[in-house]
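Just so we're aligned: 722 in our numbering is position 282 of the sequence shown, and the numbers increase by one with no gaps anywhere. Positions of the beta carbon are idealized from the N, C-alpha and C atoms, including for glycine. On a predicted model such as this, the values are computed, not experimentally measured, just so you know. Here is the structure we will look at.
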Amino acid sequence: MARAIMLQGTGSDVGKTVLVAGLCRAAHRRGLKVRPFKPQNMSNNAAVADLAGEAGGGEIGRGQWVQALACGVPATVHMNPVLLKPQTDIGAQVIVQGKVFGEARARDYQALKQSLVAAVMDSWAKVGEGADLVVVEGAGSPAEINLRANDIANMGFATRANVPVVLVGDIDRGGVIASIVGTHAILPPEDRAMICGYVINKFRGDVSLFDDGLAAITRFTGWRSFGVVPWLKAMAKLPAEDAVTLERLADGERRAFKVAVPMLPRIANFDDLDPLKAEPAVEVVFVPPGRRLPADAGLVIIPGSKSTIGDLLAFREYGWDRDLEAHRARGGAVVGICGGLQMLGRTVRDPDGIEGSVREAQGLGLLDVETVMEPQKTVRNVEARSAVYGTPLSGYEIHTGRTTGPDCARPAVTIDGVPDGALSADGRVFGTYLHGLFGADAFRARFLASLGVGGAGGDYRAAVEAALDEIAQDLERHLDCDALFALAR
């Protein structure tokens, strides 16, 4: 079995995913065969694993896909054996080793977790095969002791797999001393013994000003500090793991061309927009409920959704349908991706109640198509081509439902030679099931040029690779990586 270390956080969104990616890239740059692992993730930003067969071809968290990229290896479903995809405020779809396992309400899932231990440990063994090091990411916080009995994400996994833990605290949100010392105070002795030290993340300013803080934490806990990580500017260039980050994206950096993205309640795979955010002339604004779609936007993109009908009803409730109609009247362009394609049609029907109790909803009517939800889920990586520009595309599909109608005679793309999506008669509105299409540099350049944006189409994938290298270099400077890697067992 490979040696391993685990990063757990004092809470959600403390930066564990980026730190794991950076440590994976740092180990990879040292010549180590390194792999990422996250026993349980909760995110609607899913990716499709790179490998076919048992090791891949299914859904994993986007964070683990990026971490695999940092390791220089194909992503497999075993890097994230349990993925929870929230569908309602109290329930989620459960993905196990890449495949749909079922659905569970939050309370029911707590009882279900023990039945998933075997899959987690099976994937754990597979990920470690042939590796020198595995860097494990926890979920949420080990301080959630009310959930400890059935835990498979944090100390429940660490104690079972005998993996040493480093605790990550986020100083940017305040209270980092109390959060780390408080975690020490409430953990049971066997869990506390797994923690070998801590890392302070997202520090801004003169690190020496926190010397007394480090001393205080060590005095209260007996844990050593592995270092203080500054705010990593390069992390903004990595795909976001989940919707927790959306609050920080509500206001884009003002640029020449504005893209508005409604922040749907069950928004999914919004990392589709990252290549557009990376364009120097493009401002991407995620619009939260309560705000109108900006009138000065040249493009509105309706992203993926884990609950198309529910999000379509919310879209109307927030008044965005009226904003979209006004945008269209001004000649603005509209793109729908996956669930967004379904919403742009005339109707969405769910005869089997796959998404919930509402069986039919009126669409936004910008495309002459209709969608019928079907039980079988499409999950696959694909190669495609733009039907408008003829440029190559690559990406993936994760969806239920079949979309048909007159506008499908004008497909947006072709996938393996098969038409996909639909295009309006004037060419200003299109939808597709293809996630990742904006990552194709030539297509992105041609599409933005059609909207009057020049100079677009830089090498997006190279920018992500460069960001991973930059983060790894920063961690090597600010953390005792030698000690961290030596800690692995």
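Rounded to whole angstroms, Val812 and Gly744 show a C-alpha spacing of 16 angstroms. Uninterrupted alpha helix (DSSP H) stretches at least 4 residues long and entirely within the region 697–751 occur at 714–717, given in chain order. As summarised for the region 792–831, the continuous beta strand (DSSP E) elements at least 3 residues long and confined to that stretch are 800–802 and 810–826, given in chain order. Per DSSP, the continuous alpha helix (DSSP H) segment holding Thr661 begins and ends at Asp651 to Thr661.
The straight-line gap separating the alpha-carbon atoms of Leu863 and Gly772 is approximately 14 angstroms. Runs of the alpha helix (DSSP H) spanning 4 or more residues and lying entirely within the region 498–533 occur at 502–511, in chain order.
Judged by DSSP in its simplified three-state form, Lys642 adopts strand. In this structure Met595 is buried. Its beta-carbon is surrounded by 16 or more other beta-carbon atoms within 10 angstroms. Here Thr840 is buried, its C-beta having at least 16 other C-beta atoms within 10 Å. For a cut-off of 8 angstroms, the C-beta gap from Ala674 to Ile911 is around 5 angstroms, short enough to register as a contact. A direct Cα-to-Cα measurement between Pro832 and Ala882 gives close to 8 angstroms. Under DSSP, Arg850 shares a beta bridge with no residue. For Gln537, the secondary structure class from DSSP, reduced to helix, strand or coil, is coil. Per the coordinates, the alpha-carbon of Gly645 lies some 8 angstroms from the alpha-carbon of Pro670. Taken in chain order, the whole alpha helix (DSSP H) runs of length 4 or more contained in the region 868–905 are 881–890.
For Asp610, the enclosing beta strand (DSSP E) has its first and last residue at Val605 to Asp610. Between Ile585 and Val616, the CB-CB gap reaches or exceeds 9 angstroms. Secondary structure note for Pro629: its alpha helix (DSSP H) is the uninterrupted segment Pro629 to Arg632.
When the Cα atoms are used, Tyr638 and Gly879 turn out to be separated by approximately 36 angstroms.
Approximately 6 angstroms separates the beta-carbon atoms of Leu463 and Leu915; this is inside 8 angstroms, confirming the contact.
For Pro679, the number of other beta carbons within 10 angstroms of its own is at least 16, and it is reported as buried.
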